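Notes for the one structure printed next.
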Amino acid sequence: MEFPFSSAAVSLHVHATEDEQRALELLKGLLPSPVEVRRSLLTGHHGNPITVLEARINQKKDLREFWQTIIARMDEAALAELRRTVEKKVDDSGFLYLRFDKQLAQEGKLVPTEVGESIHVRFKVVSFPAKREVAVAKVVNFLEARGKHEAQEEIRGV
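Going by UniProt numbering, 106 is the number at position 106 of the sequence shown; the sequence numbering is gapless.
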């Protein structure tokens with residue numbers, strides 16, 4: 001099964017009450033080493049400062065490594081949930097959107113979430129023709145073609 005993604009973006013928001021260095025280390029721990037993290041500043045609704053940490057991954061090797069890291073940190077229940085809900089997570093432009101609980105990620109676990117403080121991940125799905133249905137099918141087939149162990153082996157090239 002062909003690796004279905006051509007790029008990825010990952011970001012997280014750091015509020016003034018949070019440790020920015022710890023958040024940066026968390027993000028860098030998910031990314032392949034050559035990928036750089038960018039920092040930008042926003043102002044919240046009540047004037048509070050918010051730092052946005054984000055990175056883009058465009059190199060195939062780095063993208064595979066990033067996917068492998070995500071899969072390795074998800075348990076089987078989280079992977080099963082992703083398989084069940086993938087159709088809701090792909091938009092009309094062929095992007096797969098994932099959100100992981102930021103606090104649990106600090107403990108080394110990537111647990112999908114729909115609310116609260118989270119790490120935002122967006123994968124571009126390679127699909128021809130460029131239709132949502134084609135992108136959904138590619139991701140579903142990729143996830144269902146193997147279990148967690150097999151997906152990790154394929155990405156490593158074993």
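From the three backbone atoms N, C-alpha and C, an ideal C-beta is built for every residue, glycine too. Computed from a predicted structure; not experimentally measured.
Cβ neighbour criterion (16 or more within 10 Å) applied to residue i
{"i": "K60", "result": "exposed"}
{"i": "D19", "result": "exposed"}
{"i": "F128", "result": "exposed"}
{"i": "R22", "result": "exposed"}
{"i": "R99", "result": "buried"}
{"i": "G94", "result": "buried"}
{"i": "D91", "result": "exposed"}
{"i": "E76", "result": "exposed"}
Selection from the options that minimises the alpha carbon distance to residue i
{"i": "H45", "options": "K109, I119, H15, F123", "result": "H15"}
{"i": "R39", "options": "S127, R56, L104, N48", "result": "R56"}
{"i": "H13", "options": "V35, R84, I50", "result": "I50"}
{"i": "K102", "options": "G29, A80, L82", "result": "G29"}
{"i": "E109", "options": "T43, I71, F142", "result": "The sequence shown places Lys at residue 109, not Glu. Checking every option, the nearest Cα to that of K109 belongs to I71."}
Bounding residues of the beta strand (DSSP E) (the contiguous stretch that carries residue i)
{"i": "A137", "result": "Premise fails: A137 lies in the alpha helix (DSSP H), 132-144, not in any beta strand (DSSP E)."}
{"i": "L31", "result": "No beta strand (DSSP E) holds L31; DSSP gives it neither H nor E."}
Residue i: first and last residue of the uninterrupted alpha helix (DSSP H) it sits in
{"i": "D91", "result": "Unbroken run through D91: none, as it is neither H nor E."}
{"i": "T69", "result": "60-73"}
Residues of its chain near residue i, where Cβ-Cβ distance is below 8 Å and the 5 sequence neighbours each way are ignored
{"i": "F5", "result": "L63, W67, L96, F123, K124, V125, V126"}
Cβ shell of residue i (< 7 Å), same chain only, five flanking positions each side left out
{"i": "H149", "result": "The predicted model places H149 with a pLDDT of 49, which falls under 50 and marks its position as unreliable, so this point remains unresolved."}
{"i": "L53", "result": "S11, L12, V14, A23, L24, L27, V37, R39"}
Proximal residues to residue i (C-beta, below 6 Å), its chain only, five neighbours per side dropped
{"i": "L31", "result": "A55"}
{"i": "V158", "result": "Confidence at V158 is low in this model, with a pLDDT of 43, below 50, so the placement of that residue should be treated as unreliable; the coordinate-derived value is given next. Same-chain partners within the cutoff: there are none."}
* **3 or more residues per run - each beta strand (DSSP E) lying fully within the segment 99-130** => 118-125
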